[in-house]
Structure formats: C-alpha cells, structure tokens
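Visitor:
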Amino acid sequence: MFPPITERHIATPPRVTFDRLREIRYPVDIDEDYLPWILWMIRHAPRLESVETVYGSRQSPVMDDLSLPYHEHFKRIGMFADHTTTQWPEEQFIQHHMAIGIGSNLREISLRIGEHSVSESWILLIAQLVRLTHLEILCYEHCEMDLVVSSFIPAIAAGCPALEQFTFVSKHHRCHYDDIVGMSSHTD
C-alpha cells in the first residue's frame, strides 16, 4: 500500500497552471487519499469546465473551490447522491448556483442516485436551476427509481426552464413511458 498523497507530494511553484485543462474525471470509488491532488489540479485550472464524479465525505473542499469566482467557466458536474455520506456540500453547491441565477454557467449535471431518500433531498433543488440545459439521471437501486419517478421528475418538469436534454437510465429496471410521462408538462 502506498502512503497517502499530501500537499507536500504535489508542491510545485504557484505559477503552474493548466490553462488548457477543461475536464477532470475520477471514479466514484476512488481512494480519498487522492483528493488533495485532485483539489490541487482544480485550483490550478482557471478554465476548468467539468468535474466528474464528485462523491465522498471529504469532497467539501472540492465543492467549495468549484463555487469560487475563479471557476466562472465551470459548466458541468457529475455528482453522486447517497444517504451513506453527508451531502451538505452538494446542497450548498446547488444553492450557490441557484443564488447566482441567470449568471450561473452551470449547464449540465450528471447525477447518479444510490441509496437515497429523494423526497427530502438536496437533489430536488436541481429543479430550481434556471440555466441547466442537460440533466442525466442514473438510478442504481430499483426502489430509488420509484422515488425519482414520483417526486424528482415532476419537480424537474415544473422547473428547469432552459432544459434541452433529459436522460433517465436505470441500472436494474427497464424504463417505460410511464416513468417519464411527468416530463410532458415541461414548458420546452
């Protein structure tokens, strides 16, 4: 087993920037010891547009950094909703973009839903993002699929006025027309 990566391991002159870096992707099951390195890359990428997948109890600094004016180009995030970890940073991130309103550049969210209580969740706030154009939902659990269909899809249909593309996938359940019929009331 390798020792954890720390700021000491990635110390470089502050003038280092990744001007062309637009996207960072890392697996949902990544060892959280790599987060300082990922955070360092985020902090040195002034034109970063996308980060996927943000998940885990130690992700708060990642969410905080992505909310700074330094990342005004930020457009897409891949998130994971799961009741086994504290999701306060995710809620704050969405609320930040709600507060910016039409000034927010956040256009795309890819949301993976694990074991999660949708009805009392931060993910319902996504429906209030006025500039969101693409939303992708992947349900991992069959029971979550029913909760998404009954509460989240109607909320998205009533909100998200700029939504152009909606993708709904279930890993263990075949999707039917009845699952997405709630989107027919969307204004666009």
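Residues in the sequence shown are numbered consecutively from -2, following the numbering used here.
Ideal Cβ placement from N, Cα and C applies to all residues, glycine included.
#1: Quick check on the DSSP output: the beta strand (DSSP E) that includes R73 runs from which residue to which?
#2: Is E105 closer than 9 Å to H70 when the C-beta atoms are compared?
#3: Quick one: residues in its chain with C-beta nearer than 7 Å to the C-beta of Y137, no 5 flanking neighbours on either side, listed in chain order?
#4: Quick one: grab the DSSP three-state call for F149.
#5: When the Cα atoms are used, what is the spatial distance from I74 to M180?
#6: So, is V178 buried or exposed, given that buried needs 16 or more other C-beta atoms within 10 angstroms?
#7: Which of the three DSSP states is assigned to E69 in this structure?
#8: For Q162, is the classification buried or exposed, using 16 other Cβ atoms within 10 angstroms of its Cβ as the cut-off for buried?
#9: Between V127 and the rest of its own chain, which residues show a CB-CB distance below 7 Å, the 5 nearest in sequence each way excluded?
#10: So, with DSSP's three-state summary, where would you put H183?
#11: How would you label L65, buried or exposed, when you count the other beta carbons within 10 angstroms and need 16 or more for buried?
#12: If you check the beta carbons only, do I35 and H68 fall under 9 Å apart?
#13: With H, G and I counted as helix, E and B as strand and the rest as coil, what does DSSP make of F15?
#14: Which one of D175, F77 and E46 has the shortest CA to CA distance from L18?
#15: Hey, how far is the Cα of V146 from the Cα of V13?
#16: If you count every other CB in all the chains shown that lies within 10 Å of the CB of S182, and 16 or more means buried, which is it?
#17: With a threshold of 6 Å on Cβ separation, who are the neighbours of A42 within its own chain once the five nearest residues in sequence on each side are excluded?
#18: To the nearest angstrom, how far is it from the Cα of S148 to the Cα of W119?
Guide: Inspection of the coordinates gives the following:
#1: R73 to A78
#2: no
#3: R109, I110, G111 and K168
#4: helix
#5: 22 Å
#6: exposed
#7: coil
#8: exposed
#9: G98, I99, P158 and A159
#10: coil
#11: exposed
#12: no
#13: coil
#14: E46
#15: 46 Å
#16: exposed
#17: F15 and L18
#18: 12 Å
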